[in-house]
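Notes follow once the structure below has been shown.
Next up, the structure:
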């Protein structure tokens, strides 16, 4: 590098810097393109769940089973059931919405995790948290549009439902599915057309939470009431205006 | 929705990221705004009289950026793993870029400050005195020959190079803050491209205000020759004009932001309600609008008021309070909107973390004062001229 009496030549410095940045960026892009191109080939399975809300009786068996199976601390939930009543007497209906992590195909928590502690297994598309890497920054907790994440007060790392990965990799069903009294939860491989979950999806009209965000959740709901699907902003707006 | 709906059971998720991170965002916008205002003004004035203000606008932001990562570290679930963020790098996360941007920004400020102070430090190192050893250490014992003007001339290219690099990283830093918040696509209050402009307006307001305040503080604490003082007062009065227009820009950006929220569906309307009548209404109307926008704008409206030290200091503090509350309102307010529920999310008080944040900010202020006493902010040529 040419040096002037005052120091490094600025033009030369910027030329070298620019060439290094372009080179580095091109290299990263090539590696990333290779990784992205390789992703669909390795994704053999796509685990997902269908929840038929007609069958849910809000017994909270799934919540208890999940807490017990995964040692979820008190006051925190990987799986829970939202309950709502609609209408006025005598025309009243009760609605239940079992909730869990949607293991989205385009998960905001995964995209925003600064360390890559949140990752997706290529074999089955399940989103996990690596507790050894997670720094506990809570970015993912704020990023999840479904409120499915929390910071575990024991491990101080992010925690969420992973479809009971330790069970499904041994051929078992997730704990919530096994415990479901009404058999409202159907779990399986969405990419296998012969699986129970794929057949159920084929035969029923389903909804997904916050479809507008294009996160492509892998938990589908059958016959869920629109009022219970998302946050109720209208109530807060009405309260303020009244 | 007009149906009669009654929620029997739901889970509240709370506010995940608290005041410490909101203060972190504010302090970064403050530091980078200060440097941008100070350096762009140097490019405009380009006089030796202005150099003390450029020193203030480069070294004090360095102190902030050197200490502000503590806010982030303390807020982590695993603070001992903070350094892993440098090598466990995830390319889709804005925070992963931010870790590098803020670090490089701090380093560039440090090197720029070094070149700004170097001629005076060499001059002091050549003189016998109590702190002679310290000054020798700060210039790595490379005590060059020649007077201050000659030393500055010899290092001018390096100084300007690092000034340019630090300015570039300052802009990157403000862009990073905006992109950071707008990347949360589930958060309707943050998921807006206006976020970048909001942080630019915060940076311009708090930056010009901070520069006014710090320079007045410097002049109160250390002896400044009358001629230099008069020049600096003139510059500070002109910074008052920058502050005035930055406040107008901030009001304009917020107006656009609220208009856009009205077109973002029911979530957007509720997000604006958080400010107008919701849980952040008092903080918005009183601290952000009345104290932070209207008061400093009125105080900076007329030339005589801008030239008055007390009035300009009050305006500067008010503008900084306004941007602080602006930052907190957006950051905390954005998390008060429920994700799955029908009630505002609640914010758990974090007294230990907040105390830590306040102590760190006090420490920053003490460091400002200490550096005023040790480092040669004033041009020594002016002092020599006065003594002769």
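Chains as they are written, first to last, in my numbering: chain A, 7 to 248; chain B, 2 to 389. Here a beta-carbon is modelled for each residue, glycine too, at the ideal position from N, C-alpha and C.
Check your understanding: Using 8 Å as the threshold, is the segment 58-72 of chain A in touch with the segment 219-229 of chain A, meaning 3 or more CB pairs across them?
Key -> yes
Review point. Given a threshold of 16 other Cβ atoms within 10 Å of its Cβ, counted over all protein chains shown, does residue 13/B qualify as buried or as exposed?
Key: exposed
Exercise for review: Take residue 46/A and list the residues in its own chain whose beta-carbon comes closer than 8 Å to its own, dropping the five residues that flank it on each side.
Suggested key: Because the pLDDT at residue 46/A is just 47, under 50, the model does not fix this residue reliably, and the point stays unresolved.
Exercise for review: Report yes or no: is there a C-beta of chain B within less than 8 Å of the C-beta of residue 44/A?
Suggested key: Note that residue 44/A scores 47 on pLDDT, short of 50, meaning its location in the model is unreliable; the coordinates nonetheless yield the value given after this. Taking Cβ atoms only, chain B never reaches closer than 8 Å to residue 44/A, which makes this a no.
**Study point:** Residues within the segment 222-233 of chain A neighbouring chain B, beta-carbon criterion of under 7 Å
**Key:** 233
Review point. Quick one: what's residue 156/A bridged to in DSSP?
Key: Beta-bridge pairing links residue 156/A to 165/A.
Check your understanding: In chain order, what residues of the same chain have a beta carbon less than 6 Å from the beta carbon of residue 111/B, not counting five sequence neighbours either side?
Key -> 63
Point to revise | For residue 209/A, the first and last residue of its enclosing alpha helix (DSSP H) | key: 202-209
Review point. Is there a Cβ from chain A that is less than 8 Å from the Cβ of residue 4/B?
Key: yes
**Study point:** Contact list for the segment 72-84 of chain B against chain A, Cβ threshold 7 Å
**Key:** Against chain A - using a Cβ distance shorter than 7 Å - the residues of the segment 72-84 of chain B are 77, 78, 79, 82 and 83.
Review point. When we look at the beta-carbon of residue 329/B and count the other beta-carbons within 10 Å, is it buried (16 or more) or exposed?
Key: buried
**Study point:** Cβ of residue 183/B within 8 Å of any chain A Cβ
**Key:** no
Check your understanding: Do you know how far the Cα of residue 226/B is from the Cα of residue 388/B?
Key -> Note that residue 388/B scores a pLDDT of 38, beneath 50, so its modelled location is shaky; the value from the coordinates is reported in the next line. Each residue's alpha carbon lies about 10 Å from the other.
Point to revise | the segment 235-243 of chain A / the segment 109-116 of chain A touching (three or more Cβ pairs under 8 Å) | key: Between the segment 235-243 of chain A and the segment 109-116 of chain A, the count of Cβ pairs shorter than 8 Å is below three; the stretches do not touch.
Practice item. Just the C-alpha distance for residue 103/B and residue 132/A, rounded to the nearest angstrom, thanks. Key: About 33 Å.
Practice item. With a 10 Å radius around its C-beta and 16 neighbouring C-beta atoms as the bar for buried, classify residue 317/B as buried or exposed. Key: Taking every protein chain shown into account, the CB of residue 317/B has 16 or more other CB atoms within 10 angstroms, so this residue is buried.
Exercise for review: Please go through the same chain and pick out, in chain order, the residues whose beta-carbon is closer than 8 Å to the beta-carbon of residue 117/A, but skip the five residues on each side of it.
Suggested key: 149
Check your understanding: Using the C-alpha atoms, what's the distance from residue 254/B back to residue 124/A?
Key -> 35 Å
Review point. If you run the structure through DSSP and keep just helix, strand and coil, what is residue 163/B?
Key: Three-state result, residue 163/B: helix.
Review point. Using a beta-carbon distance cut-off of less than 8 Å, what residues from the segment 333-345 of chain B approach chain A?
Key: 336, 338, 339, 340, 341, 342, 343, 344 and 345
Point to revise | Continuous beta strand (DSSP E) stretch holding residue 20/B: start and end | key: Unbroken run through residue 20/B is the alpha helix (DSSP H), 20-46; no beta strand (DSSP E).
Check your understanding: Which chain B residues are close to residue 150/A, counting only those with a beta carbon under 8 Å from its beta carbon?
Key -> For residue 150/A, the residues of chain B that pass the 8 Å Cβ criterion are 187 and 340, in the order they occur in the chain.
Check your understanding: By the criterion of Cβ-Cβ separation under 8 Å, what are the contact partners of residue 153/B in chain A?
Key -> By Cβ distance, chain A contributes nothing, its closest Cβ being about 11 Å from residue 153/B, past 8 Å.
Exercise for review: Give a yes or no on whether 8 Å exceeds the smallest Cβ distance from residue 94/B to chain A.
Suggested key: yes
Check your understanding: How would you label residue 24/A, buried or exposed, when you count the other beta carbons within 10 angstroms and need 16 or more for buried?
Key -> By the 10 Å Cβ count, residue 24/A comes out exposed.
Point to revise | Contact set between residue 17/B and chain A, taken where Cβ atoms lie within less than 7 Å | key: 144, 147 and 148
Review point. How would you list, in chain order, the residues of chain B whose beta-carbon sits under 9 Å from the beta-carbon of residue 249/A?
Key: Residue 249/A lies beyond the residue range present for chain A, which begins at 7 and ends at 248; the question has no answer from this structure.
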